[in-house]
Amino acid sequence: MKIATYNVNSINARLERVLEWFDDAKPDVAVLQEIKCVDEKFPAVEFEDRGYNVAVHGQKTYNGVALLSKYPFEEVNKGLPGDDTDDHARYIEAMVFPKGVKPVRIAGVYVPNGNPAPGPKYDYKLKWMKRLKRRVKELLGFEDAFVLAGDFNVIPQAEDVYDPREWGADALYLPQTRAAFREILNLGLTDAIRQIHPKAVLYTFWDYQRGAWEKDHGLRIDHLLLSPQAADRLKDAGVDRAARGKEKPSDHAPVWIELK
DNA sequence: ATGGTAGAAGGTCTA
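According to the numbering used here, the first sequence is numbered sequentially starting from 73.
Structure representation (C-alpha cells):
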C-alpha cells in the first residue's frame, strides 16, 4: 500500500494540481497539510469520486489538515492532545484497514514553522513538538504499524539543506529544533526516506522566493516516520519532485512510501 | 540590510 504526505498550500487554490497528482501517483492513503480552509470548504466530492474516504480537520485561512484513504478507517482523532487552549488545526489521526494486510495507524501533522526564533512562535513550536512526542509515545505503546507523516518544519541534518550556513538561525534548523525532532525519532521511529536512500539529496520544499526552485535551493522538511512494525513492511520511498516544477505549484513536493 | 512570492482575506498575517 502506498502512503503519501503533501503540503498543498491551499487545497482550493491547488485543486487541479493535487487531483492531477492523485490520478498519477494513486496513493492508497494521503495526509494533506495547509489546506487553508474550514471543513465545509474542503472539496471532498472530488476525492470521493476517486474512491477516497475523507476526514478533514480544517481551519479558516491558516493551517488545516486532511486524511484521505481508499480503505476504510476508524478511530479518527482531530487535534493534538495536551493543550485545550491550542486551536490550530495541525493534527489528524486514524486507523486504516487495508484489504488483506494488518491495519496501519496514520497520523498527519503540520508542525508549527516557529519563525521568528527566538520568540513566542518558536516557543509554541517547541511546546507543540513536546506534545507530539507524548502522543507518539502513547501510540507506539499499541505496537501496531504506525506512520507519522507530514510537514515537520524540521531540517534534520546538514545534508537536508542546500546550504546549512544560510539556515543556522532559522527555526527549521536551530539545534533545539533538531533535538526535539531527534527525541521523537529516538522513541523508536525510522525515517523512511533515509532508510531507502541513505545518502541521496532529496529536498521536499523550495521557497517561492529568490528563485529557490530554479537554483535547487531546497530543504527536506516533509517526512514519513515509521514504527518498528511499519518499518518491517517498508518496500520503497520517494519524493515526487516533478510536482514542484508545474504551473502554480505548491512550494512542497509530495513524499510517499510503499508498505507491504 | 532589504525584499523577493504566494494564499486567504478583504485587516495584514503566515510562511
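Glycine included, every Cβ here is placed at the ideal spot set by N, Cα and C.
* **Same chain, Cβ closer than 7 Å to Asn38, five either side skipped, listed in chain order** => Limits of the chain in this structure are 73 at one end and 332 at the other, which puts residue 38 out of reach.
* To do: Return the first residue and the last residue of the beta strand (DSSP E) that Ile293 is part of.
  => It is not in any beta strand (DSSP E) - Ile293 carries neither H nor E in the DSSP assignment.
* Asked: So what does DSSP say about Gly310, is it helix, strand or coil?
  -> Secondary structure at Gly310: strand, using DSSP grouped into helix, strand and coil.
* To do: Could you pull out every residue in the same chain whose Cβ sits closer than 7 Å to the Cβ of Phe94, ignoring the five residues on either side in sequence?
  => These residues qualify, in order along the chain: Arg122.
* Is it right to say Asp294 is buried, meaning 16 or more other beta carbons lie within 10 angstroms of its own, or is it exposed? -> That one is buried.
* To do: Would you check if there are 3 or more beta carbon pairs closer than 8 Å linking the region 143-151 to the region 167-174?
  => Because the criterion of three Cβ pairs below 8 Å is met, the region 143-151 and the region 167-174 touch.
* Asked: Hey, which unbroken runs of the beta strand (DSSP E) at 3 residues or more fall wholly within the region 99-176?
  -> Entirely contained in the region 99-176, the beta strand (DSSP E) runs reaching 3 residues are, in chain order, 101-105, 125-129, 137-141, 145-150, 163-168.
* Tell me, to the nearest whole angstrom, how far the beta carbon of His324 is from that of Asn81; I am working on the premise that it is less than 8 Å. => Between Asn81 and His324 the Cβ distance is about 7 Å, and since that is below 8 Å, they are a contact.
* By how many angstroms is the C-alpha of Ile75 removed from the C-alpha of Gly151? -> Going from the Cα of Gly151 to the Cα of Ile75 covers about 21 Å.
* Of the residues Gly240, Ile256, Leu198, Ala189, the one placed nearest Leu212, counting alpha carbons only -> Residue Ile256 is the option with its Cα nearest to Leu212.
* Assigned exposure category for Glu165 - 16 Cβ within 10 Å defines buried -> Under the 10 Å beta carbon count, Glu165 is surrounded by 16 or more other beta carbons and is classified as buried.
* Asked: Within 10 angstroms of its Cβ, does Arg207 collect 16 or more other Cβ (buried), or is it exposed?
  -> Counting the other CB atoms within 10 Å of its CB gives Arg207 a total of 16 or more, which places it among the buried residues.
* **Selection from Lys287, Trp239, Asp304 that minimises the alpha carbon distance to Asp261** => Note on identity: in this sequence residue 261 is Leu, with Asp being the wrong assignment. Selected option, being the one with the closest Cα: Asp304.
* **Residue of Gln281, Thr276, Arg292, Pro153 minimising C-alpha distance to Asp312** => The shortest Cα separation from Asp312 among Gln281, Thr276, Arg292, Pro153 belongs to Thr276.
* **Inter-residue Cα distance where the pair is Leu298 and Lys132** => If you take the alpha carbons of Leu298 and Lys132, they lie about 31 Å apart.
* To do: Inspect the CB distances between the region 193-203 and the region 237-256 and report whether three or more fall short of 8 Å.
  => At 8 Å Cβ cutoff, the stretches touch.
* Could you give the C-beta distance for Leu44 and Ala264, rounded to a whole number, given that I count them as a contact under 8 Å? -> A question about residue 44 goes unanswered here, because the residues of the chain that appear run from 73 up to 332.
* Out of Leu291, Asp216, Met73, Pro236, state which residue places its alpha-carbon closest to the alpha-carbon of Lys98. => It is Met73.
* Roughly how many angstroms separate the alpha carbons of Lys113 and His129, rounded to a whole number? -> C-alpha of Lys113 to C-alpha of His129: approximately 11 Å in a straight line.
* Work out the CA separation of Ala217 and Lys174 for me, nearest whole Å. => About 8 Å.
* To do: Using only alpha-carbon positions, find the residue among Ile83, Asn84, Ala302, Glu92 that is nearest to Glu215.
  => For the options Ile83, Asn84, Ala302, Glu92, the alpha carbon positioned closest to that of Glu215 is the one of Ala302.
* Asked: Among the residues of its own chain, which have a CB less than 6 Å from the CB of Glu330, if the five just before and after it don't count?
  -> The residues are Lys74, Lys307, Asp308.
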